[in-house]
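When we follow the numbering used here, the leftmost residue of the sequence shown carries the number 1, and every step to the right adds one.
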Amino acid sequence: MGKVKAAIIGSGNIGTDLMYKLERSEVIELTAMIGIDPESDGLKRAEERGYKVFSNGIQAIEENPDIAEIFFDATSAKAHVRHAKVLKELGKLAIDLTPAARGPFFCPAINPGSNLSEKNVNMITCGGQATIPIVYAVNRVADVSYAEIVATISSKSAGPGTRANIDEFTITTKRGIEEVGGADQGKAIIILNPAEPPILMRDTIYCEVKNMDEEKIRQSIADMVETVKQYVPGYRMKQEPIFDENRVTVFLEVEGAGDYFPNYAGNLDIMTAAATRVAEDYARHMLSQPSK
Numbered sequence: 001m002g003k004v005k006a007a008i009i010g011s012g013n014i015g016t017d018l019m020y021k022l023e024r025s026e027v028i029e030l031t032a033m034i035g036i037d038p039e040s041d042g043l044k045r046a047e048e049r050g051y052k053v054f055s056n057g058i059q060a061i062e063e064n065p066d067i068a069e070i071f072f073d074a075t076s077a078k079a080h081v082r083h084a085k086v087l088k089e090l091g092k093l094a095i096d097l098t099p100a101a102r103g104p105f106f107c108p109a110i111n112p113g114s115n116l117s118e119k120n121v122n123m124i125t126c127g128g129q130a131t132i133p134i135v136y137a138v139n140r141v142a143d144v145s146y147a148e149i150v151a152t153i154s155s156k157s158a159g160p161g162t163r164a165n166i167d168e169f170t171i172t173t174k175r176g177i178e179e180v181g182g183a184d185q186g187k188a189i190i191i192l193n194p195a196e197p198p199i200l201m202r203d204t205i206y207c208e209v210k211n212m213d214e215e216k217i218r219q220s221i222a223d224m225v226e227t228v229k230q231y232v233p234g235y236r237m238k239q240e241p242i243f244d245e246n247r248v249t250v251f252l253e254v255e256g257a258g259d260y261f262p263n264y265a266g267n268l269d270i271m272t273a274a275a276t277r278v279a280e281d282y283a284r285h286m287l288s289q290p291s292k
């Protein structure tokens, strides 16, 4: 089986971490990284590793459309609105790692291999990728009427793009809780913790359910944790779920793989690992199609 060419738009923390994930893929060939700052660490690292680098943003794709078939957008929600139009006109697949939500939401633990005809797919948010699988796990056995998540990350792991997207984070994650997680109503909160030494990503998921069954819920959550761990090995529960009348509370911790940022940056790791997994589903689908 061959490989599908891919490029990264955005040379910040997420884009650079993603580069290392893609290098290990059996079905994706990374060809280029595109940024706007020629002095960025991401572009320097990409060039050192032999990839094409561009510092003129989306213009690079307009001038070099054949560099890839899959483009990962690791910039910002506002920038992706512009990028999405260009990529659509060029017929390219956009894997959106911003909260722009221009395409359907994807979470590889919940809907792997779905919507493979779409040309723009959204990876929700780092908090969404960590918590929505748990909401889904509870909902499939207990019917969640309300779900609230709190994602706490180290402020050191939040780059300019993440900070610029705080408002979009809460809106998009809330939608993902409802549309993908299945809750009737959702709410999302993000906290940037400046503690030293930096903390690991921590997530709290609070669900109110209509059909409480502690054993089924506990087993469903455990099964989902194992599913997520297949592509994010540092994903784990901090303790057993807490049950109180019709309420379930789950505490998670996400330790990163340390590919670019240190291990405390689980928020980067879960986002880039999820995006890689979804892109690989697309790549296998593309490679299975008859040659034109």
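We treat Cβ as the ideally placed atom computed from N, Cα and C, and that holds for glycine.
Bear in mind that the values here come from a model prediction, so they are computed numbers and not experimental data.
Note down the Cα distance separating residue i from residue j, rounded to an integer number of angstroms.
i      : j      : result
Gly57  : Lys44  : 15 Å
Asp122 : Thr162 : Note on identity: in this sequence residue 122 is Asn, with Asp being the wrong assignment. The alpha-carbon atoms of Asn122 and Thr162 are separated by roughly 15 Å.
Ala158 : Gly128 : 15 Å
Gln230 : Asp223 : 11 Å
Pro104 : Asp281 : 15 Å
Ala188 : Pro290 : 43 Å
Lys85  : Ala274 : 23 Å
Ser145 : Ala137 : 13 Å
Ile70  : Asn246 : 44 Å
Asn13  : Gln219 : 35 Å
Quickly, what does DSSP pair residue i with across the bridge? List them, please.
i      : result
Asn165 : Asn165 pairs with nothing; no bridge assigned.
Phe261 : Phe261 is not bridged to any residue.
Gly186 : Ala147
Val209 : Val144
Ala32  : Ala7, Lys52
Leu93  : Ile70
Do residue j and residue i have their beta-carbon atoms positioned less than 9 Å apart in this structure?
i      : j      : result
Leu268 : Asp37  : no
Lys119 : Lys92  : yes
Ile166 : Ile190 : yes
Val250 : Ile242 : yes
Asp259 : Lys21  : yes
Ser155 : Pro194 : yes
Ser11  : Ala46  : yes
Thr31  : Ala6   : yes
Thr98  : Ala74  : yes
Ile110 : Val180 : yes
Ile8   : Met19  : yes
By a C-beta neighbour count over all protein chains shown, 10 Å radius and 16 as the cutoff for buried, is residue i buried or exposed?
i      : result
Pro108 : buried
Pro133 : buried
Ile270 : buried
Asn211 : exposed
Ile34  : buried
Leu252 : buried
Ser288 : exposed
Lys298 : Any property of residue 298 remains undetermined from this structure, which presents the chain solely from 1 to 292.
Arg102 : buried
Ser40  : buried
Ile186 : A small fix is needed here, since residue 186 is Gly in this sequence, not Ile. When all chains shown are included, Gly186 counts as buried.
Val248 : buried
On a CA-only basis, which of the options is nearest residue i? Give me that one, please.
i      : options                        : result
Gln239 : Asp203, Asp184, Pro133         : Asp203
Val225 : Tyr231, Ile177, Arg236         : Arg236
Ile217 : Tyr20, Val141, Ser117          : Val141
Val278 : Ile124, Asp41, Asn263          : Ile124
Ala130 : Met201, Gly15, Val248          : Met201
Glu208 : Glu89, Glu253, Ala183, Tyr264  : Ala183
Tyr206 : Ala94, Glu26, Ala151, Ala32    : Ala151
Ala265 : Val228, Ile153, Gln185, Pro160 : Ile153
Pro65  : His83, Gly2, Gly256            : His83
Glu23  : Arg49, Ala164, Ile9, Ala79     : Arg49
Less than 9 Å between CB atoms is the rule here; does residue i satisfy it with respect to chain D?
i     : result
Glu63 : Among the chains of the structure shown, chain D does not appear; only one protein chain is present.
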